[in-house]
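J.:
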Amino acid sequence: MRVLHLRASSGFAGPEQGLVRLGVALRKIGVAIKIIAYCRERPGRPDVDWLAEEAQRRGLAVESWADRAKLPWTDIGRLGEELARGGFDLLATHDHKSDFMGYVATRRARVPWIATAHGYDFSLKRIHLYRRVDLWFLRRAAHVMAVSQSLREELVAAGVPGHQATVVRNGIPIDTFTEGARERAAQWRQRLDPAGGPVIVSVGRLDRQKGFEYLIHAAAEVARVMPTARFWIVGDGALRPRLDQLVRDLGLDGVVRLLGHQRDVGGIMAAADLVALASLWEPQGNVLLEALALGRPVVATRVGGVPGIVRDGDTGRLVAPADARALARSMLALLADPAEAAQLGSRGREHVAREFGVDRFAAEVAAVYRDVLGRASGTRGG
């Protein structure tokens with residue numbers, strides 16, 4: 019089986035990471051994929067081609083195409099040619115723009131089209147319009163895979179046929195991700211916090227969705243009680259200047275560090291006493307899978323698919339979104355009780371290993387591929 023994946027991307031976040039991990043795991047069970055990284059060029063963004071670079075590093079077939087048009091008719095034709103030339107059995111898309119391209123290209127190429135729904139970034143004002151258009155296309159996909167139950171329910175409520183929408187949760191290669199992380203963690207500690215105070219790490223795009231302004235306000239509360247606490251924020255995005263200013267306004271220079279985009283997320287998170295996620299909405303939360311795979315205790319907001327990963331009081335702590343004080347209280351409670359924090363992290367690692375392994379992820383995706391191909395073959399045969 020050969021599957022072509024299209025992802026319109028401007029960086030390397032959860033969906034890109036998940037796609038690379040999926041490709042590696044599918045290869046082990048005999049499913050060959052090729053990725054087209056459809057990249058939007060943005061000034062000052064050094065990570066534009068990281069999807070292609072990471073895929074190449076893992077030995078996956080990949081091409082990087084430049085996304086220069088809102089209505090990419092030329093690239094849709096190119097996509098159709100790629101489907102025919104490469105002998106692909108399926109096309110899989112991963113966002114509203116690639117869904118549009120996939121719908122048009124596969125109608126011409128007569129190849130089944132599957133969409134993976136990762137949720138919508140409502141940090142962008144125009145996304146409400148894009149979502150309405152995308153839902154029109156998703157209703158016509160051969161199948162839609164949602165990354166969480168809450169997202170599937172949202173899509174079905176918006177008109178996506180229930181029998182064509184399933185939940186396929188992302189997975190993580192725990193052994194690969196955690197290998198050497200503890201040794202690298204010691205290096206990060208020595209580099210960024212040789213004094214040895216408690217460290218809280220948060221990872222994500224610097225945009226409104228991730229709620230970093232609430233995390234920074236919570237950091238101010240934590241620092242008043244634990245002056246040696248340090249916050250490391252990993253990621254980049256449009257809000258970087260505003261967040262830098264907020265750190266200065268709150269007098270948190272030296273307490274909160276914005277580290278930008280980093281490749282060694284595993285090593286940085288392994289160095290943490292606690293991992294925090296302050297998202298205002300979150301279809302799943304791949305960062306939480308990574309944190310728990312490392313056995314790190316987590317505090318996260320109770321939004322979207324997060325409760326499917328973090329069970330409050332069992333594998334982490336959940337708080338209401340947009341509530342800096344609640345976030346600070348939960349972080350302080352775990353920092354003050356290392357034994358409970360360690361238990362949460364240990365149970366979280368067991369939960370992720372049991373429910374979110376990458377082999378399970380690949381097997382479920384491959385089963386959807388086979389089902390769609392079987393139905394398409396039956397239709398053509400009839």
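Under our numbering, the first residue of the sequence shown is numbered 19, with each subsequent residue one higher.
The beta carbon of each residue, even a glycine, is placed where N, CA and C say it ideally should be.
Give me the Cα-Cα distance between R242 and I53, rounded to the nearest whole angstrom.
T.: Their backbone Cα atoms lie some 48 Å apart in a straight line.
J.: Is M287 closer than 7 Å to R314 when the C-beta atoms are compared?
T.: yes
J.: Please classify A351: is it buried, with 16 or more other beta-carbons within 10 angstroms of its beta-carbon, or exposed?
T.: exposed
J.: Compute the Euclidean distance between the alpha carbons of R207 and R150, then round it to the nearest angstrom.
T.: Answer to the nearest angstrom: the Cα atoms are 46 Å apart.
J.: Are the beta-carbon atoms belonging to R223 and A31 less than 7 Å from one another?
T.: For R223 and A31, yes; Cβs fall inside 7 Å.
J.: Comparing C-alpha positions only, which one of G285, A73, H23 and R365 sits nearest to R209?
T.: G285
J.: Is it buried or exposed for Q205, if we count other Cβ within 10 angstroms and need 16 for buried?
T.: exposed
J.: With a Cβ-Cβ cutoff of 7 Å, do G366 and L312 count as a contact?
T.: no
J.: Leaving aside the five residues before and after S116 along the sequence, list all residues of the same chain whose C-beta is less than 7 Å from its C-beta, in chain order.
T.: L24, R25, A26 and Y56
J.: So for G189, helix, strand or coil by DSSP?
T.: Collapsing the DSSP output to three states places G189 in coil.
J.: Just to confirm the assignment, what range does the alpha helix (DSSP H) spanning R258 have?
T.: R258 to D267
J.: Using the rule of at least 16 other Cβ atoms within 10 Å of the residue's Cβ for burial, across every protein chain shown, is T246 buried or exposed?
T.: exposed
J.: Round the Cβ separation of V186 and V386 to the nearest angstrom and send it over; I've been treating them as touching at under 8 Å.
T.: 7 Å
J.: Nearest-angstrom Cα distance between R378 and L306?
T.: It is roughly 18 Å from the alpha-carbon of R378 to the alpha-carbon of L306.
J.: Report all residues from its chain with a CB closer than 7 Å to the CB of V283; omit the five preceding and five following residues, and keep chain order.
T.: V221, V252 and E308
J.: Considering only the beta carbon of each residue, do V129 and L109 sit closer than 7 Å?
T.: L109 sits close to V129, with the two beta carbons spaced by under 7 Å.
J.: Thinking A123 and L97 are a contact (beta carbons under 8 Å), I'd like their distance in whole angstroms, please.
T.: 4 Å
J.: Just how far apart, CA to CA, sit D67 and W91?
T.: 22 Å
J.: Run through the segment 50-120 for me and flag every whole alpha helix (DSSP H) of 4 or more residues, listed as ranges in chain order.
T.: Entirely contained in the segment 50-120, the alpha helix (DSSP H) runs reaching 4 residues are, in chain order, 68-75 and 91-103.
J.: From the DSSP secondary-structure annotation, give me the bridge partner or partners of H136.
T.: Paired residues: none, contrary to the question.
J.: Could you check if H146 is buried or exposed, using at least 16 other CB atoms within 10 Å of its CB as the buried criterion?
T.: exposed
J.: Can you give the beta carbon distance from W83 to T111, rounded, assuming they're within the 8 Å contact cut?
T.: So it is not a contact: roughly 14 Å between Cβ atoms.
J.: Just mark R39 as buried or exposed, buried being the case when its beta carbon has 16 or more other beta carbons within 10 Å.
T.: With at least 16 other beta carbons inside 10 angstroms of its own, R39 counts as buried.
J.: How big is the Cα-Cα spacing for L6 and K143?
T.: No information on residue 6 is available, as it lies outside the stretch 19 to 400 that the chain covers here.
J.: Rounded to whole angstroms, what's the CA-CA distance from R388 to Q227? Just pull it up for me.
T.: 35 Å
J.: Please classify I47: is it buried, with 16 or more other beta-carbons within 10 angstroms of its beta-carbon, or exposed?
T.: I47 should be labelled exposed.
J.: If I'm right that G255 touches D225 with Cβ under 8 Å, what's the distance once you round it to whole angstroms?
T.: About 5 Å separates the two Cβ atoms, so the contact holds.
J.: List the whole-angstrom C-beta distance separating R248 from V217, where the pair is believed to meet the contact cut-off of C-beta under 8 Å.
T.: 5 Å
J.: Quick check on the DSSP output: the beta strand (DSSP E) that includes S220 runs from which residue to which?
T.: V217 to V221
J.: Which residue or residues does DSSP assign as beta-bridge partners of R393?
T.: Note: R393 sits in no beta bridge, so no partner.
J.: Could you check what DSSP says for D377 in three-state terms: helix, strand or coil?
T.: helix
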